[in-house]
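Those letters in the sequence shown? Residues 25 to 625, by the numbering used here. Have a look at the structure below before the remarks.
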Amino acid sequence: MIMHNTLSLANASEILQHYGLLREMIQYCKAEDTNSANTANTKEKTVDSTHSRNEIWSLNPYYFPNIDADECFTNATYDTRDITPGTLLFIKGNFQSEYLLNADNKGLAAYVAEQSYAQYTKAVGLIVTDAKKAMSVLAAAFFGNPQEKLTIVGITGTKGKTTTAYFTHAILNSHSHGKAALFSSVDNCVDGKNYVESNLTTPESFDAFKMMREAVDNGMKYLVMEVSSQAYKVNRVYGLKFDVAAFLNISPDHISPIEHPTFEDYLYCKRQIIANTKRLVLNSDTDHADLLLQDAERNNVLVTTFARIKKDEIEGDTCENDNFDDIDDDRINYCVPANDDDYTELLTPDYIAMPVENSESHCIAMRDSSEDDDYEDNDYEEDAHYCPIDEFALSIAGDFNYENALAAIAIAGELGINQDTDLHALHAIENVKISGRMEVFKDTHSNMIAVVDYAHNYISTKSVLDFVEERYGKFNPRITLITGSTGDKAVDRRKEIVEAAQNRIEQFIFTTEDTDTEDVMHICEDMQSYVTNPNVSSRIIIDRAEAIEYAYNDAANSEQKNERLNILLAIGKGDERWIKNKRKHVPYEGDSFVIKRLFGL
Numbered sequence: 025m026i027m028h029n030t031l032s033l034a035n036a037s038e039i040l041q042h043y044g045l046l047r048e049m050i051q052y053c054k055a056e057d058t059n060s061a062n063t064a065n066t067k068e069k070t071v072d073s074t075h076s077r078n079e080i081w082s083l084n085p086y087y088f089p090n091i092d093a094d095e096c097f098t099n100a101t102y103d104t105r106d107i108t109p110g111t112l113l114f115i116k117g118n119f120q121s122e123y124l125l126n127a128d129n130k131g132l133a134a135y136v137a138e139q140s141y142a143q144y145t146k147a148v149g150l151i152v153t154d155a156k157k158a159m160s161v162l163a164a165a166f167f168g169n170p171q172e173k174l175t176i177v178g179i180t181g182t183k184g185k186t187t188t189a190y191f192t193h194a195i196l197n198s199h200s201h202g203k204a205a206l207f208s209s210v211d212n213c214v215d216g217k218n219y220v221e222s223n224l225t226t227p228e229s230f231d232a233f234k235m236m237r238e239a240v241d242n243g244m245k246y247l248v249m250e251v252s253s254q255a256y257k258v259n260r261v262y263g264l265k266f267d268v269a270a271f272l273n274i275s276p277d278h279i280s281p282i283e284h285p286t287f288e289d290y291l292y293c294k295r296q297i298i299a300n301t302k303r304l305v306l307n308s309d310t311d312h313a314d315l316l317l318q319d320a321e322r323n324n325v326l327v328t329t330f331a332r333i334k335k336d337e338i339e340g341d342t343c344e345n346d347n348f349d350d351i352d353d354d355r356i357n358y359c360v361p362a363n364d365d366d367y368t369e370l371l372t373p374d375y376i377a378m379p380v381e382n383s384e385s386h387c388i389a390m391r392d393s394s395e396d397d398d399y400e401d402n403d404y405e406e407d408a409h410y411c412p413i414d415e416f417a418l419s420i421a422g423d424f425n426y427e428n429a430l431a432a433i434a435i436a437g438e439l440g441i442n443q444d445t446d447l448h449a450l451h452a453i454e455n456v457k458i459s460g461r462m463e464v465f466k467d468t469h470s471n472m473i474a475v476v477d478y479a480h481n482y483i484s485t486k487s488v489l490d491f492v493e494e495r496y497g498k499f500n501p502r503i504t505l506i507t508g509s510t511g512d513k514a515v516d517r518r519k520e521i522v523e524a525a526q527n528r529i530e531q532f533i534f535t536t537e538d539t540d541t542e543d544v545m546h547i548c549e550d551m552q553s554y555v556t557n558p559n560v561s562s563r564i565i566i567d568r569a570e571a572i573e574y575a576y577n578d579a580a581n582s583e584q585k586n587e588r589l590n591i592l593l594a595i596g597k598g599d600e601r602w603i604k605n606k607r608k609h610v611p612y613e614g615d616s617f618v619i620k621r622l623f624g625l
């Protein structure tokens, strides 16, 4: 990585004071050093420090003896094991003071923390009000503010962030000929072509700016990143401004003592992206859309809206395969009524996607902006007409994914990429496949289908079941759901997954997900306790691979009896080939690999 660092003690203190984060700087000094501190540097003549127990306290970086405040740090880290000469250390979280015992010998130059560690190191401490905010703004500076060289898209929502991020990345990568980076909960890509498995939905701020630096050095022009509620809760994206942000949807999730205490807190954290973007792409169907629009208005953010229209919501002609032959003056021959209960004039979407009759594809259209001048304020009698963009057929299953595709196309439109400038780039979404996301498998020797997905909460579980009903409902399938839930957090998911599924399936198999430090049997029994439908059976099989194998064998036996279509839904892990247990990643075969082994694929 090419270094672009110009961060020194002097400009670090200046940046922290600019953001109102610096409390003071503190350094341990011998008595003779404190006596000479006033004359050690001459850049500032005034006495602006206090001495306490062989410590120098000051807001003046030039006040500390034997320190060159203008010398740039040669390294920065939040891991004491990575300290080298000239290192700036960020201290956060459950830090133990003994980690600093060899820091001076290794060359620690300064540290950033919410408390002084002067008794453990001779390095200058920048004492701040919030260490994570400080790390974000200083990491940006240390890596040469790479965010200023990138057009950055941030995507948030309870469901669909990853898929929308991949769709958007595909469009931007096609348009820029491979110059789009990606930060997602599945993979990170800093060169437009190579993908590395990620650990967090949104990286730690230090890691994010480091990867941005790598992306810029690799010639990237765009960055697409998922932005979680925790990213704002713990200030991983503090100080970062997005060029375009997308808000996909919101429903209760991540409610627990260690995440968000209430849904209000969860939504509030999600909403922060609106105050930190130039333009907002908003799903007009989302809950609390009115509040989100108020956020945008308060922050002077331009808003573009989108919505997926179902067949029963379309008035007038449906979108048939040859409907583009029926366009008059480049306007599509149907409309969404502005006085519909779901679409007020305020929320009439700018982009829509609707199913093509007798096809699994959707046509996507953009609102006819030439009519805007014809509307009077609060005039809900007029219909909103749309100009077609094109017809799209996704490789990833599920009609709900057209909502994510539509969001990506709306984002691209905000960046000047549309059917007139680069229709080919928009069609890049059709080739997107995400391992572990809506993967559908057909058994080679039985009437059995399996779906592997990352669904892990109410809204995503419901969406998977909606897909199954739309695609296979006419066959009256026998559905088995293999699921678990995370340990130590998001305990609300356990009940919500069961509630989303229990009136739509025949059998639960509760098994291991990422249990972490919580007992897996306790999690499974907790989920099982929420099964209230007497017509739904449930059992617990701790080993996840064995749970899928049992579901397969049980379905095979059932088919021999009644030849009914069997569908296995394995949710919660996606393509992950590990299970988090006791804070470690334990190797696991992987849901899709188990399915393929059983299906002979």
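All residues carry an ideal CB built from backbone N, CA and C; glycine is no exception.
Nearest to Ser229 by alpha-carbon distance, out of Ile388, Ile420, Ser222, Leu264, is Leu264. DSSP places Met462 in the coil class of the three-state scheme, outside both helix and strand. With 16 or more other Cβ atoms from the protein chains shown falling within 10 Å of its own Cβ, Ser252 counts as buried.
Secondary structure at Thr187: helix, using DSSP grouped into helix, strand and coil. Here the C-alpha atom of Glu520 lies approximately 13 Å from the C-alpha atom of Gly596. Of the residues assessed, Lys156 falls on the buried side of the cut-off, its CB having 16 or more other CB atoms within 10 angstroms. In the DSSP annotation of this structure, Ile376 is not part of any alpha helix (DSSP H); the continuous beta strand (DSSP E) holding it starts and ends at 375-379. With a minimum length of 3 residues, the unbroken runs of beta strand (DSSP E) contained wholly in the region 468-509 fall at 472-477, 502-507. Assigned with DSSP and collapsed to three states, Glu583 falls in helix. In the structure shown, His312 falls within a coil segment according to DSSP collapsed to helix, strand and coil.
Membership of Tyr290 in any beta strand (DSSP E) is not indicated; the residue belongs instead to the alpha helix (DSSP H) covering 287-295. Excluding residues up to 5 positions away in sequence, Gly202 lie with their Cβ nearer than 7 Å to the Cβ of Lys217 in the same chain. Lys604 is the residue among Ser393, Lys604, Leu31 whose C-alpha sits nearest the C-alpha of Thr541.
Classified as exposed, Tyr219 has fewer than 16 neighbouring CB atoms from the shown chains inside 10 Å of its CB. Secondary structure at Ile619: helix, using DSSP grouped into helix, strand and coil.
Residue pairing of Met236 in beta bridges, as defined by DSSP: absent, with no partner found. Leaving aside the five residues that flank Ala320 on each side, the residues in its chain whose CB is nearer than 7 Å to its CB run, in chain order, Ile298, Leu304, Val327. Using a Cβ distance threshold of 7 Å, Lys457 and Ile433 do not count as a contacting pair.
Of all alpha-carbon atoms in Val177, Ser198, Gly184, the one lying nearest the alpha-carbon of Phe207 is that of Val177. Annotated three-state conformation of Asn212 is strand, per DSSP. In the DSSP assignment, Pro412 is bridged to Ala389.
According to the DSSP assignment, Ser253 belongs to the alpha helix (DSSP H) that extends over 253-257. If you compare the alpha carbons of Thr372, Tyr375, Ala417 with that of His386, the shortest gap goes to Ala417.
Of all alpha-carbon atoms in Val268, Asp599, Ala189, Ile282, the one lying nearest the alpha-carbon of Gly440 is that of Val268. With a beta-carbon spacing of about 12 Å, Ala134 and Ala142 fall beyond the 8 Å limit used to define contacts. In this structure, the straight-line span from the alpha carbon of Ala232 to that of Gly181 is close to 20 Å. Cβ neighbours of Asp414 within its own chain (closer than 8 Å, five residues either side excluded): Cys387, Ile388, Gln443, Leu447, Leu450, His451. Short of 6 Å from the beta carbon of Ala194, and not among the five residues preceding or following it, lie these beta carbons of its own chain, in chain order: Ala452, Ile453, Val456. The three-state secondary structure of His609, taken from DSSP, is strand. Inclusion of Val522 and Tyr574 in the CB contact set at 7 Å is not warranted, their separation being larger than that value. For Glu427, the enclosing alpha helix (DSSP H) starts and ends at 425-438.
Beta-carbon to beta-carbon, Ala34 and Ala93 are separated by about 4 Å, close enough to satisfy the 8 Å threshold.
Met249 carries a strand assignment under DSSP once its states are collapsed to helix, strand and coil.
Contact between Asp215 and Asn242 holds: CB atoms are separated by about 4 Å, below the 8 Å threshold. A residue is called buried once 16 or more other Cβ atoms fall within 10 Å of its Cβ, and Gly117, having fewer, is exposed. Within the same chain, no residue comes within 6 Å of Asp578 by CB-CB distance, once the 5 residues on both sides are set aside.
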